[in-house]
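Structure, as structure tokens:
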Amino acid sequence: MATASKNHDTGTLPENRDALLALHRKARERRNAAPLMSEERAEAAEEIARIEVHIARIERAMDPPLV
0 MATASKNHDT GTLPENRDAL LALHRKARER RNAAPLMSEE RAEAAEEIAR IEVHIARIER
60 AMDPPLV
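Per numbering that gives the first Met the number 0, the sequence shown runs over residues 0 to 66.
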């Protein structure tokens, strides 16, 4: 099984919001380029979700929070 991402958990994601946004952009590009209903598209979508959750954690921890 091929993987679309090297980042399989939040432990491997950067703690920098700007770096996360860049990863998010690249993951969206991979998802959008992948065929519909493909494993590659599903994996990219899962990576996007992990990145978004990590961004939200960082934003909530900011003082003041961005959310």
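The C-beta atom is built at its ideal place from N, Cα and C for all residues, glycine as well.
Can you give me the Cβ contacts of threonine 2 inside the same chain, cut-off strictly under 8 Å, excluding the 5 residues immediately before and after it? Because the pLDDT at threonine 2 is just 47, under 50, the model does not fix this residue reliably, and the value given afterwards should be weighed accordingly. Once the five neighbours on either side are set aside, the close Cβ partners of threonine 2 are Glu42.
So, helix, strand or coil for aspartate 62, using DSSP? coil
Reference leucine 20, options Ala55, Pro63, Ala33, Met61, closest by Cα: Ala55
In the DSSP assignment, find the unbroken alpha helix (DSSP H) run with leucine 20 in it and report its ends. 16-32
Just the Cα atoms here: how many angstroms apart are serine 37 and valine 52? 23 Å
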